[in-house]
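Just so you know, the protein sequences line up as chains U and Y, in that order. If you read the first sequence in our numbering, its first letter stands for residue 28, the second for the next number, and so on. If you read the second sequence in our numbering, its first letter stands for residue 28, the second for the next number, and so on. Beneath this line is the structure, given in structure tokens, with notes to follow.
2 protein chains.
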Amino acid sequence: MSKQFNVVGIGNAMVDILARCDDAFLSDAGIEKGIMQLIDMPRAIDLYSKIGPAQEVSGGSAANTIAVIAALGGDTAYVGKVKDDQLGAIFAHDLRAQGAVYETALAPKTAEDETGRCIVLVTPDGERSMNTYLGVTEFLTPDDIDPAQMAEAEWIYLEGYRFDGPDSHAAFAKAIEATRSAHGKVSLTLSDPFCISRHRDAFRDMIRDGVDLLFCNKAEALSMVQRDDFEAARAELAAEVDILAVTDSENGCFIHQGDQSWHVPATPVEIVDATGAGDAFAGAFLWGITHGADLPTAGKMANVAAGSVIQHIGPRPEANLTALFKENGLA
Amino acid sequence: MSKQFNVVGIGNAMVDILARCDDAFLSDAGIEKGIMQLIDMPRAIDLYSKIGPAQEVSGGSAANTIAVIAALGGDTAYVGKVKDDQLGAIFAHDLRAQGAVYETALAPKTAEDETGRCIVLVTPDGERSMNTYLGVTEFLTPDDIDPAQMAEAEWIYLEGYRFDGPDSHAAFAKAIEATRSAHGKVSLTLSDPFCISRHRDAFRDMIRDGVDLLFCNKAEALSMVQRDDFEAARAELAAEVDILAVTDSENGCFIHQGDQSWHVPATPVEIVDATGAGDAFAGAFLWGITHGADLPTAGKMANVAAGSVIQHIGPRPEANLTALFKENGLA
């Protein structure tokens with residue numbers, strides 16, 4: 028069985044607006060530090076008028092993950108909704124230029140909403156605080172899912188943030204059904220602890236019924252099972268899926284499969300901008316397991332990729348990850 | 028006499044699309060290395076489809092210069108034309124966020140052309156090759172010049188690239204007249220040797236009649252006077268203006284005023300991306316002379332600012348220039 032895609036990602040398509048600020052700016056602007064908060068267009072306009080000079084780069088959590096897999100030479104596609112506007116063109120270009128197939132219904136120029144954007148504010152400690160105007164990407168529907176494309180995926184990768192869209196649960200269900208019917212596998216990232224608190228039951232149902240590989244970080248793991256014992260939380264989540272991969276910042280990651288588990292330490296690096304760390308982790312992990320790596324090796328690759336992306340401003344790796352893997356004895 | 032602005036800049040308003048490539052890509056795509064070439068929208072779309080993942084940052088030569096002066100705490104305004112589209116909003120935001128006053132007639136959403144953009148391709152040697160779709164900024168007219176604003180400028184700063192616009196010569200003439208009538212001074216940058224070859228006579232007339240301070244690099248100086256003796260070229264240009272400031276890459280700069288001249292060496296730095304070096308030079312020089320620096324000191328500041336901007340991707344300084352000046356004993 029040879030499929031066209033190693034991984035097909037589905038998520039919020041958006042362009043990041045990256046700017047630096049200090050902690051006082053965050054509190055003055057009423058921004059909760061370190062998390063993703065949803066904002067409407069008036070708030071986006073107001074906040075944008077207050078931030079300093081910025082740079083624009085394509086983002087979107089699952090899209091960043093797909094970009095990593097494509098940069099490593101994996102076969103990928105991405106489904107997410109942009110408008111036929113300048114930011115939409117930027118988003119589509121950057122994925123295609125990285126080698127990913129980008130296919131989705133394009134919202135027309137006349138659509139009321141615009142392409143989504145995320146005002147990412149980076150504080151001197153490297154933490155990022157995200158302010159997301161979803162725009163048209165909120166309205167990803169089952170019609171945007173092509174079952175034939177999902178059937179060509181070894182893995183699909185679903186972005187937890189997308190649970191904030193009204194029709195996305197149905198879209199995800201359609202994608203899962205099409206993928207599993209063709210013997211493909213399903214991975215999911217929990218994305219954000221506050222996103223989990225908004226959609227915990229829906230996450231739980233999906234994990235139990237249809238997820239083979241679950242990605243999350245420590246805070247998300249604890250939020251998902253509503254406990255404060257990290258080891259117990261991992262055990263509880265690991266029992267629900269085939270593979271569990273949990274990141275724990277500078278402590279690296281924990282991988283679980285059945286009775287086996289591995290703690291894979293990370294090499295400490297200076298954090299310039301944490302944006303995209305989890306996305307790069309998932310991308311390198313998925314690339315690893317679809318290219319013959321065992322789980323702890325995939326965990327090492329994932330740590331290296333995450334460590335690379337946090338050493339510069341911007342959510343997608345700038346370094347040559349293939350070369351980095353070689354330097355670390357991983358390829 | 029206290030005026031509202033240290034410097035008012037007039038130039039091509041555009042957003043830079045920055046991507047890396049190798050020399051083979053440039054020749055395959057028919058791009059002349061190291062210069063600015065004008066392209067139309069079909070060429071912009073075709074070229075964009077071929078380049079790798081990119082980042083978008085506000086650019087425009089005179090706008091970069093104004094951003095430097097504003098970042099140093101100078102009082103500035105900028106005149107240049109964008110459309111009421113997403114790239115136009117990005118351009119205006121980044122100048123205002125830097126503290127510059129941005130005022131110009133905004134081309135409406137219904138305008139046929141879009142906000143200008145420049146596809147900047149950076150090769151491994153740090154050289155940048157620019158492909159400019161002017162868009163609405165081509166149509167800056169005398170109506171866009173507010174004489175009252177020019178009268179409030181100690182200096183106006185005119186971008187040579189703007190000579191490519193049909194009505195811009197008249198717009199520049201109007202700005203010069205309003206500035207000089209109010210005892211303000213006029214600075215001009217020659218911008219590009221190929222731009223000079225397209226408009227040499229117009230440049231010459233303006234320099235003789237109305238320019239107090241002329242900025243150029245070595246190639247532009249030679250092209251302007253059509254000689255190949257650098258010292259003679261400087262002498263010829265210096266005779267036409269009050270102050271001449273000529274950059275010579277890693278050799279620093281030459282400043283001329285009347286019978287006096289100074290060679291100000293630069294500290295060697297690693298070149299990551301040469302984009303914006305000349306713009307930063309002019310900005311720091313103008314900030315210096317409007318804040319009490321003598322000419323050789325302003326030249327040192329200008330060298331430091333240019334050296335800072337070429338050490339990263341992007342056309343505007345990311346470092347704290349005020350702190351850099353202090354480190355170099357310049358403030």
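Just so it is clear, CB atoms sit at the ideal spot from N, CA and C, and this is done for glycine as well. Note that this is a predicted model, so its numbers are computed, not measured.
Just checking my contact of residue i with residue j at CB under 8 angstroms: how many whole Å lie between their CB atoms?
i, j, result
"L215/Y", "I223/Y", "With a Cβ gap of about 11 angstroms, L215/Y and I223/Y do not count as contacting."
"M41/U", "T142/U", "7 angstroms"
"L122/U", "S85/U", "7 angstroms"
"G326/U", "A272/U", "7 angstroms"
"E83/Y", "A301/Y", "About 19 angstroms separates the two Cβ atoms, so there is no contact after all."
"D171/Y", "A132/Y", "5 angstroms"
"A98/U", "L348/U", "6 angstroms"
"N104/U", "E130/U", "In the sequence on display, residue 104/U carries Ala and not Asn. With a Cβ gap of about 6 angstroms, A104/U and E130/U count as contacting."
"A309/Y", "Y184/Y", "7 angstroms"
"E186/U", "K212/U", "Between K212/U and E186/U the Cβ distance is about 16 angstroms, and since that is not below 8 angstroms, they are no contact."
"A363/Y", "A304/Y", "An answer regarding residue 363/Y cannot be provided, because it is not within the stretch 28 to 358 covered by chain Y."
"L167/Y", "S195/Y", "5 angstroms"
What residues from chain A crowd round residue i, counting only those whose CB sits closer than 7 angstroms?
i, result
"I117/U", "Within the model displayed, chain A is absent; protein chains U and Y are what it includes."
Which of the three DSSP states, helix, strand or coil, is assigned to residue i?
i, result
"Q113/Y", "helix"
"T317/U", "coil"
"S29/Y", "coil"
"V299/U", "coil"
"R189/U", "helix"
"V42/Y", "strand"
"R227/U", "helix"
"S276/Y", "helix"
"L217/Y", "coil"
"R235/U", "helix"
"L241/Y", "strand"
"R261/Y", "helix"
"V268/Y", "coil"
"G326/Y", "helix"
"G334/U", "helix"
"G356/U", "coil"
"G305/Y", "helix"
"G36/U", "strand"
Kindly say whether residue i, judged by its beta-carbon, lies nearer than 7 angstroms to any beta-carbon of chain U.
i, result
"G79/Y", "yes"
"A134/Y", "no"
"L114/Y", "yes"
Is it buried or exposed, residue i, if we count other Cβ atoms within 10 angstroms and call 16 or more buried?
i, result
"S54/U", "exposed"
"I72/U", "exposed"
"K136/Y", "exposed"
"D219/U", "buried"
"D49/U", "exposed"
"D43/Y", "buried"
"K108/U", "buried"
"R225/U", "exposed"
"P292/Y", "exposed"
"D306/U", "buried"
"G319/Y", "exposed"
"Q287/Y", "exposed"
"T206/Y", "buried"
"D321/Y", "exposed"
"R431/Y", "The structure shown does not extend to residue 431/Y, since chain Y is modelled only from 28 to 358, so the question has no answer here."
"V106/Y", "buried"
"S250/Y", "buried"
"G33/U", "For the sequence presented, residue 33/U should be read as Asn rather than Gly. Label assigned to N33/U: buried."
"E247/U", "buried"
"N39/Y", "buried"
Does residue i have its Cβ less than 7 angstroms from a Cβ in chain Y?
i, result
"A124/U", "yes"
"D121/U", "yes"
Quick one: does the C-beta of residue i sit closer than 6 angstroms to a heavy atom of the ligand HEM?
i, result
"N244/U", "This structure simply doesn't include the ligand HEM, nor any ligand for that matter."
Check: Unbroken alpha helix (DSSP H) runs of length 4 or more, entirely within the stretch 52-137 of chain Y: which are they?
Finding: 68-77, 88-98 and 113-124
Check: Where are the beta strand (DSSP E) runs, 3 residues long or more, that stay fully inside the stretch 137-215 of chain U, in chain order?
Finding: 143-149, 155-160 and 180-186
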